[in-house]
Amino acid sequence: MGSDVVFFTEILEKEMITTVFQPVFDFGNKTILGYEALSRGPKDTTLESPEVLFKLASSEEKISELELLCRKKAIVNFAHLNLEGKLLLNVSPNVLLDPSHPKGETLHLLAQNGLAANRVIIEVTEQEKVADDDLFKQTIQHYRDLGFAIAIDDLGAGYSGLKQWSELLPDIVKIDRYFIDHCDQSFVKKTFLKMIIELAKETGTQVIAEGIERDEELVLLKYLGINLMQGYLLQRPVKSPQKLPYFNYHTI
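Using my numbering, read the sequence shown as starting at 3 and increasing by one per residue.
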């Protein structure tokens, strides 16, 4: 563990983070909504896994530093690759609320790389309990006022997904993979998906189905009316994504 901590410090100091991108496909318009940026530690090391990397960062109270580094790498690489559509950035609620987290840094990074705030979707992961609900709502509104779109990530997996939806009124909700996995074979999952789709229509919210790995899931989701999709079936996260690869050979 001690050696990992030393290595982690080196990762932060030398910015040893790799960004991979996974597209979100828009089947309604046969195009790509944008690309989610995902971070990896040094290849073939114990800290390559983002789960391990962020767990160690949390134990060392360095989540803010790691997340800012990942955000910087994502923005720089997205601009360098000249990717189309939106950049989806994962952000932890408690990092947003951390008083030591640099303010205005995301806008500064975007300006440096020739990107506008309206090209960015802030994905708020609800895997952890938010420390201060009122302050969190104010912070999200601040990001929205700056021009960022807001998404709730992994809806259904964490502490308060539907509560966050009602209070934050996000532009997008991403349904957790659990409800996508073999949804074509589960009455309960189908019912949950129909409920989410109906609520999204009533609130003017876009829905992204993530974690799609089977054709049968894709067919059902399209039948239910979900057009925004993401998953290994469509394209795995890669450093340099191809343009519209799925639509080039698939007609589902």
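All C-beta atoms, glycine included, are put in the ideal place defined by N, C-alpha and C.
Let me confirm a value: residue i is counted as buried when at least 16 other C-beta atoms fall within 10 Å, else exposed. Which label applies?
{"i": "K2", "result": "Nothing about residue 2 can be read from this structure; the chain reaches only from 3 to 254."}
{"i": "P104", "result": "exposed"}
{"i": "E17", "result": "exposed"}
{"i": "D46", "result": "exposed"}
{"i": "L89", "result": "buried"}
Does at least one heavy atom of the ligand NAP sit under 8 Å from the Cβ of residue i?
{"i": "A59", "result": "As far as ligands go, the structure on display features none, and thus does not contain the ligand NAP."}
Hey, quick one: how far does the beta strand (DSSP E) through residue i stretch, first residue to last?
{"i": "D156", "result": "151-157"}
{"i": "Q208", "result": "208-211"}
{"i": "F23", "result": "20-28"}
{"i": "N92", "result": "88-93"}
{"i": "T47", "result": "That residue, T47, is in no beta strand (DSSP E); it is neither H nor E in DSSP."}
{"i": "E125", "result": "122-127"}
Measure from the alpha carbon of residue i to the alpha carbon of each residue in the options, then state which is nearest.
{"i": "E67", "options": "S51, P172, E107", "result": "E107"}
{"i": "S94", "options": "N120, D147, L83, I152", "result": "I152"}
{"i": "T48", "options": "T20, D6, E200", "result": "D6"}
{"i": "T205", "options": "S61, M231, L58, P172", "result": "P172"}
{"i": "L40", "options": "H144, I124, I198", "result": "I124"}
By Cβ distance, which residues of its chain are closer than 8 Å to residue i, with the 5 residues on each side in sequence left out?
{"i": "A113", "result": "none"}
{"i": "I254", "result": "At I254 the pLDDT is 49, less than 50, meaning the model places this residue with poor confidence; the figure from the coordinates comes in the next sentence. D217, L220, V221, K224."}
{"i": "E12", "result": "M18"}
Give the C-beta separation of residue i and residue j to the nearest angstrom, bearing in mind that I take them to be a contact with Cβ-Cβ under 8 Å.
{"i": "Q140", "j": "I174", "result": "Not a contact, Cβ separation roughly 20 Å."}
{"i": "V26", "j": "K241", "result": "At roughly 17 Å, the Cβ-Cβ gap does not stay under 8 Å, so V26 and K241 are not in contact."}
{"i": "D100", "j": "V126", "result": "Contact flag wrong, Cβ pair sits at about 14 Å."}
{"i": "D178", "j": "L157", "result": "6 Å"}
{"i": "V78", "j": "N115", "result": "6 Å"}
Could you name the residues of the same chain whose beta carbon sits closer than 7 Å to that of residue i, not counting the 5 residues immediately before and after it, in chain order?
{"i": "C185", "result": "K191, K192, L195, E219, L222"}
Name the two residues that bound the continuous alpha helix (DSSP H) containing residue i.
{"i": "P2", "result": "One cannot answer for residue 2 here, as it falls past the ends of the chain, which runs 3 to 254."}
{"i": "S66", "result": "65-83"}
{"i": "L35", "result": "Taken as a continuous stretch (DSSP letters only), L35 belongs to no alpha helix (DSSP H), being part of the beta strand (DSSP E) at 33-42."}
{"i": "V221", "result": "217-226"}
So that I know if they touch, is there some Cβ in chain B lying closer than 9 Å to that of residue i?
{"i": "I154", "result": "Among the chains in the structure shown there is no chain B, since it carries only a single protein chain."}
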